[in-house]
Every structure is written in C-alpha cells, then in structure tokens.
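Asks:
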Amino acid sequence: MKIFKSKSDFKDYISSEKNKGKTIGFVPTMGALHKGHLSLVERAIKKNDLTVVSIFVNPTQFDNKEDLDKYPKTFEKDVELLESIDCDVLFAPSVSEIYDDNVVSETFDFDGLEHQMEGKFRDGHFDGVGTIVKALFEIVEPNTAYFGKKDFQQLQIIKKLVQKLNLPVKIKGMPIFREKDGLAMSSRNTRLTEEHRKAAPFIHKTLKKARKKIGTKNVIEITEWVRKQFKKHPLLELEYFIIADEKTLQTATEFESKKRYRAFIAVFAGEIRLIDNVRFKNN
Ligand code: PAF
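Residue numbering for the sequence shown follows my numbering, starting at 608 and increasing by one per position.
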C-alpha cells in the first residue's frame, strides 16, 4: 500500500493514475479502523480500479476539545488492517496540510438537514464535516465515495453537499456493521469502560423493541416508551430519540404510508456518546 502524508505528492500520484483511465473509490475516515470501515474499503476495492482511504481526525467537526484530544489514534494498526485487505493507497495528511494555519469551517446550508439531531446537539459539527469532505473530494477526485449508515444524518448531508456543489462524485451509503450483541461498530467503542460496554447493546435492543410497537402505538407513544426505558437504566443516559422522515430528517408526528422513516438515537454511556439508527417500519 502506498502511504502519502503530503497533499502535493498525493495529488501528483492520483492524477497520473487518473490519466491512465483508472476509477477511484474513496473511503474517508478518522482512523481507529474497525470491521465497519473495512467493509467500506472492501466494497471500494471490488468496484473501482484504485482505492484510496484517508485518515484524518478533523478538528473542525468536534465541538469539544476533550473529545478531539481523546479520539482514539491507532495509526500503525490501521495501516496493518488496510494492508491485510490490499487497500491501494492511504492518504494521511497533517492538520496543516489540510487547513494551513486557518483551522476553521466554512458555513454550509444543507436545506435544514443540519439543524436536526447531531446538528442540534453538536454545535458546528456539520459545517466541519462539510468542510473536510469537500476538501478531501477536491484532493482525491474520487468517482465514488463510501460512507456508513451509522452516521445516517452525515450521509444525507454529504449527498446534499454533492448535489448543491454539483461535485462529480457518486455517494454510496453502506449498511451498519454490528458486534454480535448488536452494538453498532464505532471507533468510540474502544473507549467504553467494561461495564458500559456490557450495557451498550441495550441501545440497539431498545430500538428493535420500539420498532415492534409500530401498528399498536403511535409516534409519540413509542418515543415516550423509549424515554422511559432509558430513565430506568442505571448506566445509560438518553440524549435524544427521534423518529424522523428518512429524506428530510424532520421529526415525524405520525406515520404516513408513503414515507420512509428511521429512528435515531444518541446515548451517553458514561463519558462516551454513542449514536445508532434503524429503519423504522413494521417487520
Ligand atoms: O465519519 C467520519 O469518520 C468523519 O465524519 C468523516 C466523514 C471522515 C469526515 O471527517
């Protein structure tokens, strides 16, 4: 695997590969790779001539300095994992390569998608995500980029970014990868204490139980039921549970037959904030 830290070396290399007519698949990450990331990379390898993974812990998408400082960094292990699945290229720039000395976000209008859920609870988060994803797309110039549905709101926002800026890249959303006990895979899971790790599968279990109530309970009743489950839980603190229209991400007030819904949740397990979501239909 080729590893680039310099933006200009990387750009020289990638443009020579593109000149040979190669298609580029791209998986942007913040490192601390897990099986969910690797499934995106494997998909990119299968569908493209050349696969690029980026590792860059993007400071402008963190609303909390401590969270940024404590974000897990496992570069050597990440390289080993990427080499084990024959990834072609790793781009791992420093903060100054990307931002020079101006570490600030652009401001975006994502037609309201940015004001819901993560946008409401993490100030400036999606301006930071938009800034870095736009910058990386300009550097990598991928044909297709792959994102996990665990960050479903992020996925919708990146689709909107591409649409609004007319960027020539296809965005593919890939299924959530889960541990055997149902916990959605996340780089943050490694920071859970033993007791919070044991408690965390409760999140997905509760989402599944809530989904079973469609048909017998309405949106407000299901939302209330979920809140009660977490109130009773000694280790997990609910930040939000929302049933929303998949496309607009607006909170639903009732189920309408022609719309697709998803339930979104954010929970604190001690200091660690976990998010998850499930398609919300009766099955
Ligand atoms: O999902 C992530 O890991 C990050 O938000 C992304 C898309 C790599 C941008 O920093």
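For glycine and all other residues, C-beta sits at the position ideal for the given N, C-alpha and C. In this text the structure is predicted, and so the values were computed from the model without any measurement.
#1: Tell me, to the nearest whole angstrom, how far the beta carbon of Lys618 is from that of Ile746; I am working on the premise that it is less than 8 angstroms.
#2: Give me the residue from His840, Lys625 and Ile827 with the minimum Cα distance to Ile810.
#3: Assuming Leu657 and Ile692 make a contact with CB atoms under 8 angstroms, what is their CB distance in whole Å?
#4: Distance, Cα to Cα, Asn773 vs Leu842?
#5: Here's the rule: buried if 16 or more other CB atoms are within 10 angstroms of the residue's CB, otherwise exposed. What is Arg869?
#6: From Leu762 to Tyr753, what distance separates their C-alpha atoms?
#7: Taking the alpha helix (DSSP H) that Asp685 falls in, what are its first and last residues?
#8: In the structure shown, what three-state DSSP assignment does Met724 receive?
#9: Tell me which same chain residues have a C-beta within less than 6 angstroms of the C-beta of Val908, skipping the five on either side of it?
#10: Rounding to the nearest angstrom, what Cα-Cα distance links Lys758 and Phe875 in this structure?
#11: So the beta strand (DSSP E) Ala873 belongs to, where does it begin and stop?
#12: Just to confirm before moving on: does the CB-CB distance between Phe848 and Ile879 stay below 7 angstroms?
#13: Locate the alpha helix (DSSP H) running through Asp616, then write down its first and last residues.
#14: Give the range of the beta strand (DSSP E) segment to which Lys779 is assigned.
#15: Look up Thr658 in the DSSP assignment and say whether it is helix, strand or coil.
#16: Three Cβ pairs or more, each shorter than 8 angstroms: is that satisfied between the segment 695 to 710 and the segment 608 to 625?
#17: So for Gly719, helix, strand or coil by DSSP?
#18: Does Phe669 come out as helix, strand or coil in the three-state DSSP assignment?
#19: May I ask you to report which of helix, strand or coil DSSP gives Gly789?
#20: To the nearest angstrom, how far is the alpha carbon of Val861 from that of Arg818?
#21: Near Val833, what residues of its chain come up, given a Cβ to Cβ distance below 7 angstroms and the 5 sequence neighbours on each side ignored?
#22: Does the count of Cβ pairs from the segment 820 to 833 and the segment 666 to 676 closer than 8 angstroms reach three?
#23: Buried or exposed: where does Pro679 fall if 16 or more other Cβ atoms within 10 Å of its Cβ makes it buried?
Replies: According to the data block:
#1: 6 angstroms
#2: His840
#3: Between Ile692 and Leu657 the Cβ distance is about 14 angstroms, and since that is not below 8 angstroms, they are no contact.
#4: 45 angstroms
#5: buried
#6: 9 angstroms
#7: Phe682 to Ser691
#8: helix
#9: With the chain running from 608 to 890 in the structure shown, residue 908 is simply not present.
#10: Contrary to the premise, residue 758 reads as Asp rather than Lys in this sequence. Their Cα atoms are separated by approximately 16 angstroms.
#11: Tyr868 to Ala876
#12: no
#13: Lys614 to Asn626
#14: Lys777 to Met781
#15: strand
#16: yes
#17: coil
#18: coil
#19: coil
#20: According to the sequence as given, residue 861 is Glu; it is not Val. Computed Cα separation, rounded: 14 angstroms.
#21: Thr813, Ala817 and Phe848
#22: no
#23: exposed
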